[in-house]
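Residue numbers (full-length UniProt numbering): 1 to 1096.
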């Protein structure tokens, strides 16, 4: 809530009923005395960024001693969210995307008591009893109290009209939601932001991003924006740049009164100089005031400017009560940026969890900032106003100079020299401040080019004598490249939002804790605040991995020394149409077989460019198992069948056909998240017959097996819905019919919603449309999966006839430039310039290739054919759809169980088959004819395989470059009989391996270590001699059938019921048969016995 100039209101905040929150005791008369066996209770008041940072650090550092239980009380209805990234809420409108930790995190702390309360305000503190009282009347005891109440936005209550309708502040999610709702009802009118500081520019950007206001104005009382961070030259440059972006900026204006109509609606502003403007909405961003209202009654000393007064240990004037963040006053200062608060959390968490070590002290915080405001890069570091106010310190004279002794700029020349650089053409301004002798850097500011920010800021902190003249900092060699951290000390702070140093990142990478950028974000929190440090985080990650001998390369694999994007361009320009052509042109070894990494990637590129049938002979052996059989392989070696259902619309006749097919072949039916029907359990030998019936009924392949378009999900829109604004079904069907079968670096999913209610969930898809009264808003780059990402707006109010060209360009640009197996979400994150650059290429046609990309997509669309229709009509492809190449017999490899009137394979066991198959000594071996040699390919590609049956044993035979190799068919990892369907790879030394299609265990086929698993030493496979003879048969040297079956027989290794525990056994034992009954009723009583313990 905004803070009024007068006293704060005392409205009660009602607590929500939250399952994860435990009940509080109604009152405490006597508190238990701390003992060695009792954990101390820490109560944290406030659930913002600083509070959650403190809790995370405390839990991590207290993991061994477990000294503390934690209770945190939050006033807002939300768990902790990223207030630094608040403006992004206007794009996605989902508070979950701002959460600093998912909701599940709050229930994951199992080593101590951890309770959290939302929608609850602490109203009183009783230090003598060590309790706090909440707005719900509960009394909560504490041993240690942490005040992290933050601050409130200030409203100018002295200004007439400050309470009118249309007045807002910019502080919380609630503030934003109110502003969004108001703007939607006042489209085309003028919105105003009052305040030219950091918060003011963020608010102005947010109002601009809404695109509901016809005009947005920024009112600032100063001569330039960011007056607390920048001098006149720098601030004026920022003003000019944001004016160029369309924001109307009015300087040296003070609001005298707010005009209103008879209903108290805002109609305009009158300034103190007599000027007036008309507007309907005003967002005040004129400052914040610490939330210290709890201090007075509790006897906690507060500063003259507000805030709980703290010492170097963060303790207030009352014992065992500490304050951190914006509510804390240190040396008569409060801090409105996140970095000092995170530093306070660091110090306090360390001191509480390390009582036997020297305590740390909170010292002068680093107030440096580096931000992108309204698209303008802005940074200030160190003592950036030393030339105006006098230096706060000089080398050898730490730390701060009392304010009444600060140098008076008018009395004498300041011991500071400034070096300034201005580039009005490039929009760049730099001012660096040095000592008089030029030997020490004191601070500075940058506009437009901030790449040197971290290095210079670290120089200020280190206070080391410079080894180059000052001019070198501006006139020195310009790399013009990405930011790098090679010459930064380990103590350099990389992430100011969460106080993460270079050393923190490097140590976590080297000890194996963080193996990718996602783990770095999760473990260290670097990059999860404003995100401005991510280029350096990526640079440090890459360099550290390289130093460890684990170079981060985006080359396809050891065979192809190019990224996927580079390879795509080579194939396109040189029109390379076969795997052999690609290898001869770009491969390290032109005769290489490739491997499980490059083969599917090359196959995808060839399909994206030329769209041949993937079962053509020279393409078939490049495909992953799913593409090889045009169906998704399942746990038991069967496949799933997914007909296309464009837009989720299907006729009754086709539903009946699907039902008849499912019943005839005993298939398990499941409705997918993409609004179609998945039929599971189809045997390989039945796929052709199943698809023949579906094709005859007019259905096509749904490409559920491919890295291509899966579905375009839709709500019914104006087809049926009374709230619909657009025909979402009609658009979804048109999109799906256009892009079906288009191969891409990864799978593609789309959606179309008929209104902002978003029933089709278009904002978490690779591309999605939401109907507006003018057309469609197009969103891109979203996905669910292991790392969900909300999509971003590409274009607004696009007429239906202009949707296709934009999506054509977007998809082709993605296909051309993405890395291997890179979803659109990660692609946009890694794209230089991100969504802004993508918008320039796709919408603005910055590169002048828009028409070319549209034509390329049209050529692909014109080449469409249904892969299953072509397959069922081609008898030459029938041989691939057999379980065994040497018999028509079929064998089940996983037992089937009946469940909910359908059947499914039983659960996989937790442990692999650990037998030493490779080292087994057979009693005797003899040559036996197994399969005719003409089953295998003699031409290109130089690889073919077969699954054969001998007795009850399944064996895999591979023909590689004219020679034969044979192994068991079962991969020991999950006891899956699938190795003959795996991709075969090679290296420069002539070693061959087969990669299991399930989980990529690689088993060597030749050499002294034949049978070894190169990426999992716990398992191996049996290999056998094999050769082709002049009689046209392939012979294998095998033991007697009985002995073979006793070691490798299918029945022996078949996955059976009961091998894996039932995951619902405890659940069903507890709840089965309890529907409609009262649970937990005590015998002979009318009340339920309370459950004190949850037995997980």
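The beta-carbon is built from N, C-alpha and C at its ideal position, and this holds for glycine as well.
For residue i, the three-state DSSP class (helix, strand or coil)
i            : result
residue 223  : coil
residue 84   : coil
residue 112  : coil
residue 353  : helix
residue 1037 : strand
residue 278  : strand
residue 929  : strand
residue 501  : strand
residue 565  : helix
residue 295  : helix
residue 827  : helix
residue 1158 : What the structure shows of the chain is the stretch from 1 to 1096, and residue 1158 is not part of that stretch, so it cannot be assessed.
residue 992  : strand
residue 922  : coil
residue 947  : strand
residue 717  : helix
residue 28   : At residue 28, the pLDDT of 36 sits below 50, so the modelled position is not reliable; the number obtained from the coordinates is stated separately. Residue state, collapsed to three classes: coil.
residue 173  : helix
residue 790  : coil
residue 245  : coil
residue 329  : strand
residue 1027 : strand
residue 453  : helix
residue 44   : strand
residue 1019 : coil
residue 667  : coil
residue 215  : strand
residue 387  : helix
residue 34   : Because the pLDDT at residue 34 is just 42, under 50, the model does not fix this residue reliably, and the point stays unresolved.
Host alpha helix (DSSP H) of residue i (start-end)
i           : result
residue 89  : 89–92
residue 133 : Taken as a continuous stretch (DSSP letters only), residue 133 belongs to no alpha helix (DSSP H), being part of the beta strand (DSSP E) at 131–134.
residue 660 : 652–664
residue 488 : Counting along the chain, residue 488 falls outside any alpha helix (DSSP H), and DSSP gives it neither H nor E.
Limits of the beta strand (DSSP E) - the one that residue i falls within
i           : result
residue 190 : 190–194
residue 959 : 953–960
residue 259 : 255–260
residue 769 : 767–772
residue 834 : Segment 834–842 is the alpha helix (DSSP H) holding residue 834; no beta strand (DSSP E) there.
Distance CB(residue i)-CB(residue j) smaller than 8 angstroms
i            : j            : result
residue 303  : residue 289  : no
residue 926  : residue 1037 : yes
residue 655  : residue 745  : no
residue 1133 : residue 242  : Not covered by the structure: residue 1133. The range shown for the chain is 1 to 1096.
residue 815  : residue 781  : no
residue 201  : residue 89   : no
residue 784  : residue 754  : no
residue 61   : residue 350  : yes
residue 1028 : residue 1014 : no
residue 912  : residue 973  : yes
8 angstroms contact criterion, which residue i and residue j should meet: CB distance rounded
i           : j            : result
residue 779 : residue 771  : Residue 779 to residue 771, Cβ: 12 angstroms. No contact.
residue 133 : residue 120  : That pair is no contact at about 11 angstroms.
residue 975 : residue 1034 : 26 angstroms between Cβ atoms; not a contact.
residue 443 : residue 430  : Not a contact, Cβ separation roughly 12 angstroms.
residue 623 : residue 600  : 7 angstroms
residue 419 : residue 454  : That belief does not hold up - the Cβ atoms of residue 419 and residue 454 are roughly 19 angstroms apart, past 8 angstroms.
residue 191 : residue 213  : 4 angstroms
residue 854 : residue 805  : 5 angstroms
Notebook entry, point to check: Can at least three beta-carbon pairs, one atom from the region 636–645 and one from the region 840–859, be found at a separation below 8 angstroms?
Noted result: Too few Cβ pairs lie closer than 8 angstroms, so no.
Item checked: Stretch-stretch touch, CB-based, cutoff 8 angstroms, three pairs: the region 982–989 with the region 588–599 -> Result yes; three or more Cβ-Cβ pairs closer than 8 angstroms.
Notebook entry, point to check: Are the region 92–110 and the region 279–286 in contact at 8 angstroms, needing three or more beta carbon pairs?
Noted result: Three or more Cβ pairs closer than 8 angstroms define a contact, and the region 92–110 falls short of that threshold against the region 279–286.
Note to self: Taking 8 angstroms as the cut-off, does the region 698–712 touch the region 891–905 (at least 3 CB pairs, one atom from each stretch)?
What the structure shows: Three or more Cβ pairs closer than 8 angstroms define a contact, and the region 891–905 falls short of that threshold against the region 698–712.
Notebook entry, point to check: Are the region 43–53 and the region 317–329 in contact at 8 angstroms, needing three or more beta carbon pairs?
Noted result: In short, these stretches touch, since the Cβ pair count reaches three.
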